[in-house]
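Going by UniProt numbering, the first residue of the sequence shown is number 1, and it counts up by one from there.
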Amino acid sequence: MMAAPLHLAGERLMLCPTGVAFWSETRTLIVSDLHFEKGSAMAVRGAHVPPYDTRETMTRLAFAVRRHAPKRLLVLGDALHDDRALARMAPSDLSALRRLLAPLEVIWVAGNHDPSPQPELPGISVPEWSEKRLRFRHIGGIAPLTRQEAELSGHYHPKATLPTRIGGITRPCFLASGQRLVLPAFGAFTGGLDVRDPAMAVVAKAAQRVFLLGRERLHSASFEALRA
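Have a look at this one:
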């Protein structure tokens with residue numbers, strides 16, 4: 001599995017086909033929009049969906065942790081689908097999640113789905129996080145940046161479609177500009193929003209490249225090519 005380097009505000013980040021970013025200098029694994037227990041939230045509303053999204057998301061997260069061996073996990077919001085998610089989570093899944101997080105320093109950035117701190121989980125909860133010249137937020141494109149700063153965010157669940165000889169292939173993607181990086185949603189049931197959608201304009205107005213998630217590598221394309 002091949003990661004792709006990306007430089008923001010003088011910092012080197014590795015974008016991984018799993019949908020995470022790794023800041024090797026600080027050994028920080030960055031992920032967004034886990035949406036634990038989205039399946040059970042849908043079931044409460046009467047949707048017939050398999051109740052295994054939390055387990056699948058945790059399996060993928062555990063793989064990323066083994067692959068990158070971070071000392072810190074930085075979650076850019078919407079780790080939980082709602083404030084009742086932990087109450088609905090199977091006890092075995094909650095225990096597995098705590099074991100996965102126990103060796104790590106965990107930073108939970110508040111999202112619109114999970115604005116309240118979760119004392120049941122290890123780590124600290126913050127409205128946003130800043131380190132060196134990087135700003136970590138759930139919703140990007142709103143707060144101003146100086147010319148020396150860069151921003152990493154989630155929230156929009158970006159996806160893009162690349163043309164191929166057999167038709168367009170649509171995949172979740174990283175959306176990158178000179179100062180901003182929007183991460184794909186990591187959760188199993190999260191879906192996506194096309195990067196050309198008007199709702200993405202606040203983060204896509206200066207977009208330069210997309211990096212679509214593949215099985216073993218990322219597939220990069222210019223944003224202008226997508227517009228065409």
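By construction, the Cβ of each residue, glycine as well, lies at the ideal position given by its N, Cα and C atoms.
Is the Cβ-Cβ distance between G141 and G111 less than 7 Å?
Against a cut-off of 7 Å, the Cβ pair of G111 and G141 comes out as no contact.
Taking one C-beta from the region 32-40 and one from the region 182-192 each time, how about it: are there three or more such pairs within less than 8 Å?
Taking 8 Å as the limit for Cβ pairs, the verdict is that the region 182-192 does touch the region 32-40.
Over the uninterrupted beta strand (DSSP E) stretch that includes L162, give me the two end residues.
It spans P158 to L162 - the beta strand (DSSP E) in which L162 sits, taken as one unbroken run.
Just checking my contact of L175 with V202 at CB under 8 Å: how many whole Å lie between their CB atoms?
The pair is not a contact, with the Cβ atoms about 11 Å apart (cut-off 8 Å).
When you compare only the Cα positions, how much space is there between I139 and A41?
The straight-line gap from Cα to Cα measures roughly 22 Å.
Measure the CB-CB distance between P158 and V182 and report whether it falls below 7 Å.
The answer is yes: Cβ separation under 7 Å.
Tell me whether A204 sits in a helix, a strand or coil according to DSSP, three-state version.
A204 falls in the helix class under three-state DSSP.
Do you know offhand how far L97's Cα is from A207's?
Near 35 Å, if we compare the C-alpha coordinates of A207 and L97.
Please name the residue in R147, C173, T161 and T190 whose C-alpha comes closest to that of A9.
Residue R147 is the option with its Cα nearest to A9.
Take the Cβ of residue 259 as the centre, count every other Cβ of all protein chains shown within 10 Å, and call the residue buried at 16 or more, exposed below.
Outside the displayed span of the chain (1 to 228) sits residue 259, for which this structure offers no information.
With a threshold of 7 Å on Cβ separation, who are the neighbours of residue 258 within its own chain once the five nearest residues in sequence on each side are excluded?
Lying before the first or after the last residue shown, residue 258 is absent from the chain, which here runs from 1 to 228.
Alpha carbon to alpha carbon, how far is P17 from I30?
Computed Cα separation, rounded: 13 Å.
According to DSSP, simplified to helix, strand and coil, what is E56?
In this structure, E56 counts as helix in the three-state DSSP scheme.
L212 and A160: beta carbons closer than 7 Å?
Yes; because the gap between Cβ atoms is below 7 Å, this pair is in contact.
From the DSSP output, read off the bridge partner residues of E11.
The partner list for E11 (beta bridge, DSSP) reads L8.
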